[in-house]
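Per our numbering, the sequence shown starts with residue 1, numbered consecutively. Below: the structure, in structure tokens.
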Amino acid sequence: MMRIGFAQFRFRCAAVALALLGSQLATQATPMAAAAIEGRWDMTVQFEGKLLPSWLEVMHSGSHRLVGSFVGFGGSARPVSKVEFTDGRMRFTVPPQWEAGDRDFVFEAQLQGDSLVGTMINEEGKQYNWTAHRAPDLVRTKAPVWGTPIKLIAPGGKGWHATGANQWKVENGILINPASGSNLVTDQTFTDFKLHIEFRYPAGSNSGVYLRGRYEIQVEDSYGKQPQKDLLGAVYGFIKPSENAAKKAGEWQSYDITLVGRFVTIVANGKTIVCHQEIPGITGGALDSNEGAAGPIMLQGDHGAVEYHNIVITPAK
């Protein structure tokens, strides 16, 4: 058996430790490198012939770790515990949420200028391409000047279109969704606005009001529950209301929502439950991830029966 001296042993241990440290640092972004991908990204996934929106935020944790948050084309924001970035290449994984499998999603991308180009492997092991561009700040330098209010419910549902087969109908000025089906979208698009909308749902039902078609304000039977990021009055998955202002199922309720840039204020049934808070990015189920563009009002119709009434929008001039 070959024997080595204590000094030589210490030297070899130190060499192994340095090698391990070097391997770890190779997957950890330096502060200068991290700046290239830190921030918010609007993603588009090429999924079986469709372009589906997603969203990613990358941020630093400590001196050399990157973490993040991810929103897919369904569900809410998911934590990203580690983002690897080296030599212009990024890799991260996210856990499944509403998907049937247990396998993590794997994302890889190459930084190309101010864009990301990469692939996603889903919980079934299928690979899809995706791209991402930096999300706009949507900063407004002046207070809005409000224009003329517009009533959005017209006879026959004029001014709206469904995302699929249309199960919606209008009766006595009420937009009625009798059962789960397609979402309903305004033909007109808006940027900054004030929105008044009244709604009613049966016990256990669920819907949502999408601002610019991208940011869902949750509509759900939530009476008597503690406020959560996925219950009535929440910006789904992102912002929890300060209190639960929900009435009992079967009663008419109302939202008065003001959206200016990314900042939203929500008054539910006369109570201010979200006050001038920033919406980080799109929520699951968004129409697209083009946050810099005007967008429609979308009413979620694929989660249960719901009725909407007295929908009035006041756009900024």
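Even glycine gets a Cβ: it sits at the ideal position worked out from N, Cα and C. Predicted model only: the values in this text are computed from it and were never measured.
Through-space distance from residue j to residue i, alpha-carbon basis
| i | j | result |
| --- | --- | --- |
| Gly-281 | Trp-55 | 7 Å |
| Gly-147 | Phe-193 | 9 Å |
| Gly-62 | Ile-311 | 46 Å |
| Met-298 | Gly-213 | 5 Å |
| Gly-181 | Gly-173 | 20 Å |
| Glu-99 | Lys-142 | 43 Å |
| Gln-110 | Arg-89 | 5 Å |
| Gln-24 | His-309 | With a pLDDT of only 45 at Gln-24, under 50, the local geometry of the prediction cannot be trusted, and no value is derived from it. |
| Gly-157 | Ser-76 | 30 Å |
| Ile-313 | Phe-85 | 44 Å |
| Phe-105 | Gln-46 | 15 Å |
| Cys-275 | Ile-266 | 7 Å |
| Ile-239 | Tyr-128 | 30 Å |
| Gly-159 | Val-170 | 12 Å |
Environment of residue i [buried if 16+ CB atoms lie within 10 Å]
| i | result |
| --- | --- |
| Asp-319 | Outside the modelled stretch of the chain, which goes from 1 to 317, sits residue 319, for which no answer is possible. |
| Pro-315 | buried |
| Glu-48 | exposed |
| Ala-26 | For Ala-26, the pLDDT reaches just 42, beneath the cut-off of 50, and the residue's location in the model is therefore unreliable, leaving the point undetermined. |
| Ser-115 | exposed |
| Gly-22 | Model confidence at Gly-22 stands at a pLDDT of 45, short of 50, so the residue's coordinates are unreliable; what they give is reported in the following sentence. Its Cβ having fewer than 16 others within 10 Å, Gly-22 is exposed. |
| Asp-102 | exposed |
| Asp-87 | exposed |
| Gly-301 | buried |
| Ala-14 | No answer about Ala-14 holds up, because its pLDDT of 45 lies below 50 and its placement is not dependable. |
| Val-83 | buried |
| Ala-245 | buried |
| Pro-79 | exposed |
Boundaries (first-last residue) of the beta strand (DSSP E) holding residue i
| i | result |
| --- | --- |
| Thr-86 | 83-86 |
| His-60 | 50-61 |
| Thr-119 | 115-121 |
| His-133 | 127-134 |
| Ile-174 | 174-177 |
| Glu-124 | No beta strand (DSSP E) contains Glu-124, which DSSP labels as neither H nor E. |
| Glu-278 | 271-278 |
| His-196 | 193-200 |
| Trp-41 | 39-47 |
| Pro-315 | 306-315 |
| Asn-206 | 206-211 |
| Ser-69 | 65-71 |
Own chain, CB closer than 7 Å to residue i, minus 5 neighbours either side, in chain order
| i | result |
| --- | --- |
| His-161 | Val-185 and Asp-187 |
| Glu-305 | Looking at the sequence itself, residue 305 is Ala, so the reference to Glu does not match. Taken in chain order, the residues that qualify are Asn-177, Pro-178, Ala-179, Tyr-201, Pro-202 and Ser-205. |
| Pro-144 | Asp-192, Val-260 and Ala-316 |
| Val-139 | Gly-261 |
| Ala-33 | Phe-85 |
Contacts around residue i, its chain only, beta-carbon distance under 6 Å, and the 5 residues preceding and following it disregarded
| i | result |
| --- | --- |
| Glu-57 | Arg-40, Gly-68 and Ser-69 |
| Glu-291 | Asp-42, Ala-135 and Pro-136 |
| His-196 | Asp-256 and Val-312 |
Proximity test, residue i beta-carbon vs the ligand NAP heavy atom, cut-off 7 Å
| i | result |
| --- | --- |
| Pro-149 | Judged by which ligands are present, the structure shown has none, so any question about the ligand NAP falls away. |
* In chain order, which beta strand (DSSP E) runs of at least 3 residues are fully inside the segment 219-262? -> 253-260
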